Amino acid sequence: MYQPGLNDLDAVLAVARRSSFRGAALDLGMSTTAMSSAIAKLEAHLGVRLFNRTTRSVSLTDAGRAFVEQVAPGLEDIRGAMDAARSQQAKPSGMLRINTFATAAREILAPLVLEYLRRHPDVHVDVVTEGRLVDVVAEGFDFGVRMANLVPTDMIAIPLGEPQRHAIVASPAYLKKHGRPRVPSDLFRHRCIRVRLPNGSLFRWEFRKRGQTALIDVTGPITLDEASLSRIAVLEGIGLGFFMEPDVRGDIEAGRLVRVLEDWTPELARLCLYYPGRRNSSAAHTAFVALAREVAVARKFIPLCDEGGAPARRT
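Heads up: take any position in the sequence shown, counting from 1, add 36, and you land on the numbering used here.
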């Protein structure tokens with residue numbers, strides 16, 4: 037006889053959170069067919085539909101909304117009890133989920149994530165990169181990595197990198213043909229790689245210098261939504277590009293790209309690993325935090341807060 041398990045309840049919460057069977061299946065490492073089957077079995081067991089399904093959307097029914105509101109806190113308590121039990125393990129195991137953006141993922145991958153896996157081979161780390169800022173607790177992540185000014189104030193944060201900067205770059209061939217912009221307004225006469233944000237809007241290039249600010253709605257021959265694609269276009273001489281500095285640092289150092297308007301791109305906040313305070317963390321979670329602090333100390337970064345759970349201050 038069918039009896040719902042924790043995985044079935046996780047499936048319901050994931051579909052409710054993502055409003056998508058496919059998105060929920062990806063979050064939980066299942067196939068869409070298995071996800072749909074799990075929900076259907078649970079609905080049949082309960083005798084009520086939890087979701088309205090159309091070819092274009094998935095939404096909670098009234099019964100489904102009430103079910104999720106009652107189940108979610110209880111499931112969180114169960115997960116907390118399981119974490120408490122795991123915290124007694126001498127050897128880290130299980131899974132850690134990290135939400136970040138692509139540039140940050142490249143910055144932390146080798147010194148933190150891969151080093152952690154070498155030390156703790158029984159742990160699986162799931163790194164999800166996306167442009168939008170998410171609630172790591174609500175979406176089931178153990179950690180987030182963002183710039184310090186984007187870290188929620190109720191989180192514990194550990195600095196992982198130097199302050200970030202933007203970089204406006206072009207190929208030597210492009211600058212030879214079109215000239216070098218000296219001030220942001222010169223960009224109106226240049227071909228630029230336009231950037232589409234995760235919400236669909238076009239990114240306006242932002243500049244600051246000695247109290248002056250400029251937001252430039254650039255124009256150009258192509259619009260892209262991923263930094264690695266923009267980099268290819270800039271390397272091919274299509275136009276100027278706007279990047280996080282780490283994404284093109286190697287190209288600048290090698291002379292493949294030339295930086296312009298550098299005096300208009302001041303330092304931004306530094307990268308931080310952040311997570312909610314927990315009374316009982318798993319051994320895997322505790323070990324990851326310990327390594328992050330080790331990295332911060334080795335690089336002589338000053339922690340934004342202590343392990344006691346004081347809010348992370350913004351820089």
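Every residue gets a Cβ at the ideal spot worked out from N, C-alpha and C, and that includes glycine.
Owing to the predicted nature of the structure, the values given are computational and were not obtained by experimental measurement.
Problem set entry | Rounded distance between the beta-carbons of Phe279 and Trp241, thought under 8 Å | Their Cβ separation, rounded to whole angstroms, is 11 Å, which puts Trp241 and Phe279 out of contact at 8 Å.
For this session: Indicate the three-state DSSP secondary structure (helix, strand or coil) for Asn235 in the structure shown.
Result: coil
Problem set entry | Pro157 burial status per 10 Å Cβ neighbour count (16 or more: buried) | exposed
Exercise. How many angstroms separate the CA atom of Pro339 from the CA atom of Pro188?
Worked result: Residue confidence is low: Pro339 scores 47 on pLDDT, short of 50, so the model does not pin down where it sits. No coordinate-derived value is stated.
Problem set entry | Through-space distance from Val284 to Arg362, alpha-carbon basis | Shown here, the chain extends from 37 to 351; a query on residue 362 therefore has no answer.
For this session: Look at the Cβ atom of Pro302, then the Cβ atom of Arg218, and state whether they are nearer than 7 Å.
Result: no
For this session: Since I believe Thr259 is in contact with Arg232 (beta carbons under 8 Å), could you give me their beta-carbon distance rounded to a whole number of angstroms?
Result: 6 Å
Exercise. Should Tyr210 and Gly286 be called a contact, given that it needs their Cβ atoms to be closer than 7 Å?
Worked result: no
Problem set entry | Exposure label - Thr90; buried when at least 16 CB within 10 Å | exposed
Problem set entry | C-beta atoms of Leu383 and Ile194 nearer than 7 Å | What is shown of the chain runs 37 to 351, which leaves residue 383 out entirely.
Exercise. Can Val164 and Ala320 be called in contact, C-beta distance under 7 Å?
Worked result: no
Exercise. Pick from Asn185, His214, Phe324 and Arg225: whose alpha carbon is nearest that of Leu307?
Worked result: Asn185
Problem set entry | Rounded separation between Glu105 and Ala174 - CA only | 13 Å
For this session: Counting only the same chain and skipping the five closest in sequence on each side, list residues whose C-beta sits under 7 Å from that of Lys336.
Result: none
Exercise. Quick one: Cα of Arg292 to Cα of Leu271, how far?
Worked result: 7 Å
Exercise. Pairing CB atoms from the stretch 72 to 82 with CB atoms from the stretch 37 to 55, are three or more of them under 8 Å?
Worked result: yes
Exercise. Hey, how far is the Cα of Leu265 from the Cα of Arg230?
Worked result: 11 Å
For this session: For the beta strand (DSSP E) containing His202, list its first residue and its last residue.
Result: His202 to Ala206
Exercise. Among residues of its own chain, excluding the 5 on either side of Arg350, which ones have a beta-carbon nearer than 8 Å to its beta-carbon?
Worked result: Low local confidence applies: a pLDDT of 39 at Arg350 is under 50, so the model's placement there is unreliable, with the coordinate-based value given in what follows. Within the same chain, Arg350 has close Cβ partners Ala184, Asn185, Val187, Thr189 and Ala305.
Problem set entry | Among Ala50, Ala328 and Ala334, nearest to Ile192 - alpha-carbon criterion | Ala328
For this session: In angstroms with no decimal places, state the Cα-to-Cα distance between His202 and Arg295.
Result: 10 Å
Problem set entry | Rounded straight-line distance, which links the Cα of Arg225 to that of Met66 | 50 Å
Exercise. According to DSSP, what are the bridge partners of Gln248?
Worked result: Lys245
Problem set entry | Limits of the alpha helix (DSSP H) - the one that Ile75 falls within | Thr68 to Leu82
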